[in-house]
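Student: Residue numbers (the working numbering), protein chains in the order written: chain A, 1 to 456; chain B, 1 to 131.
(1) Can you confirm whether residue 107 of chain B, when its beta carbon is compared against all beta carbons of chain A, has any partner nearer than 8 angstroms?
(2) According to DSSP, is residue 267 of chain A part of a helix, a strand, or is it coil?
(3) By alpha-carbon positions, which one of A/98, A/214 and A/177 ends up nearest to residue 189 of chain A?
(4) Quick one: list the residues of chain B neighbouring residue 321 of chain A, beta-carbon separation under 9 angstroms, in chain order.
(5) Quick test of your reading: residue 356 of chain A and residue 431 of chain A, contact by CB under 8 angstroms. State the CB separation rounded to the nearest angstrom.
(6) Quick check: what's the CA-CA separation for residue 425 of chain A versus residue 396 of chain A?
(7) Per DSSP, which one or two residues make a beta bridge with residue 214 of chain A?
(8) Please decide whether residue 316 of chain A counts as near chain B, where near means a Cβ-Cβ distance under 8 angstroms.
(9) Are the C-beta of residue 294 of chain A and some C-beta of chain B separated by less than 8 angstroms?
(10) Beta carbons nearer than 9 angstroms to chain B: which residues of the region 28-45 of chain A have them?
(11) Using the DSSP secondary-structure output, state which residues sit across from residue 44 of chain B in a beta bridge.
(12) Once DSSP output is grouped into helix, strand and coil, what is the label at residue 506 of chain A?
(13) If you follow the alpha helix (DSSP H) that residue 141 of chain A is in, where does it begin and where does it stop?
(14) Counting only beta-carbon atoms, is residue 51 of chain B nearer than 8 angstroms to chain A?
(15) How big is the Cα-Cα spacing for residue 228 of chain A and residue 102 of chain B?
(16) At a Cβ cut of 7 angstroms, what residues of the region 39-50 of chain B count as close to chain A, listed as they run along the chain?
(17) Give me the residue from B/24, B/68, B/111 and B/85 with the minimum Cα distance to residue 105 of chain B.
(18) Under 8 angstroms between beta-carbons, which chain B residues line up against residue 325 of chain A? List them in chain order, please.
(19) Taking Cβ-Cβ distances shorter than 7 angstroms, what residues in chain B pair up with residue 291 of chain A?
(20) Determine the DSSP secondary structure at residue 322 of chain A, reduced to helix, strand or coil.
(21) Looking only at its chain, what residues have a beta carbon closer than 8 angstroms to the beta carbon of residue 11 of chain B, apart from the 5 residues adjacent to it on each side?
(22) To the nearest angstrom, how far is it from the Cα of residue 178 of chain A to the Cα of residue 330 of chain A?
(23) According to a CB-to-CB cut-off of less than 9 angstroms, which residues of the region 131-162 of chain A neighbour chain B?
(24) Comparing alpha-carbon positions, which option in A/266, A/443, A/65 and A/381 lies nearest residue 192 of chain A?
(25) Where residue 57 of chain A and residue 65 of chain A are concerned, what is the direct C-alpha to C-alpha distance, given to the nearest angstrom?
(26) Ends of the alpha helix (DSSP H) at residue 118 of chain A?
(27) Going straight from the alpha carbon of residue 421 of chain A to that of residue 415 of chain A, what length do you get?
(28) Counting Cβ pairs closer than 8 angstroms, one from the region 191-206 of chain A and one from the region 127-135 of chain A, do we hit at least three?
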């Protein structure tokens, strides 16, 4: 049983491989790929180094991680630097969860099904809506799937109205989903940093399947949605609302705003902002859209002994049953990341969420006021939660670069996401930032921006 | 099992029955269709005033083993749906010819030449069993 030393992580011995090849009647592994034309095959030798021992690998990765330049993060724009309690990571690190995937043999995966069921329940409680699925890849995917639901429920309607204050990535993904279909987008324009809802009536007509709004919007500004759902519903269109769910600890819920479908990203609940992911898309809807919901849904039932049990339910929506007529091609979920989210929400509870919001909001407002007091700084005005936007014009990139030199991720230049937002820098402050850190930010910003003025 | 055909109705190749009354049609599924689907658990009905082109999917029927579309036989507008099916979808299994799914007001004069009568459908069913 001599292990092939060079590929010590590959479980098959050369004897195993020879035996398998012999039983199917080929002499070399390469023969399995004989059907592939020679000229498209990669024939060079892969330039990979030899295998290393566990200790060597650990040391290598440790050194690599030490090269990370840690800065104080004031980044937001969809991903937030909240505190992650150790218990959340511990719960989510259980090997039984780590090695699980979306349940394909649901009846034997009761633990994972229950975790998903809890996630769905929490999403319904947070949004106030009736039904939730087991999660989607991220908030932007959830947005596109929500619009897709609206078109399926309104088959004859071919337009969607989208606020210009939604995240540019959301807009980009909507276009990816629908550009090749017979679907039209109508833009609900901006007025300052808010959506100009006075234009909504004139954009709505009998072709409108849905209206898509984000609050807080791309500038962090809370949209005033009074009367909006009435306007949309009079037109028999669906109201889709995208939100950072952390805000529901303090602000009105999608249900309270009259939304039919709520979407967003649960990253703020216990998931680190590692290079942008993985995160979790949530999607919740009113009951009569249940059959249009994409992806997996876990339901609670009783087994033959009358015990509480969980099952994957309403699978007739899904592509393994409905094929081309399925509601979506999505048949998976972000099981582990969603579980992490559930662990976070369960741990902090409603009062904890309120506290995270109160602290983040207070600190964000403290920072914004201090920055505006510098005089050199203009903002995009409007009510906000814990993210706001500065208007730094052509100093934006330079400001971010020089703040980096002083140890801060100072904000996200929205112009990098969409050139029409050039000069606008979104700044988020979570409960994780201390007063001392915020004061240092203000001091550093003051030095940079005042210095600029002297140079001008 | 599943071979009952009712006189006086018209039939489609997709195993829908159509009862014609002027330019209004009642639509349901045949005994053969309900038998093939198995236990029906949900009927996703259209809304009144929804309009469909001929061959559009108007209804989706979910059974314990599959989900199947029911197509509009003609172009028209829905005037009535069978609300009882929301709570009792099994009625389609129990009494397929006595359980309509929807009533449609057709845009044009109903042309039954495109449909089969009961004798033609009985013949058609024989070809289905060979499959």
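In this text, a Cβ means the ideal position worked out from N, Cα and C, and glycines have one as well.
Tutor: According to the structure shown:
(1) no
(2) coil
(3) A/214
(4) 62, 65, 66 and 67
(5) 5 angstroms
(6) 7 angstroms
(7) A/242
(8) yes
(9) no
(10) none
(11) B/60
(12) Any property of residue 506 of chain A remains undetermined from this structure, which presents chain A solely from 1 to 456.
(13) 139-153
(14) yes
(15) 33 angstroms
(16) 44
(17) B/24
(18) 57, 60, 67 and 69
(19) 44
(20) helix
(21) 5, 17, 18, 30, 115, 116, 117, 118, 120, 121 and 124
(22) 16 angstroms
(23) 155 and 156
(24) A/381
(25) 12 angstroms
(26) 110-127
(27) 4 angstroms
(28) no
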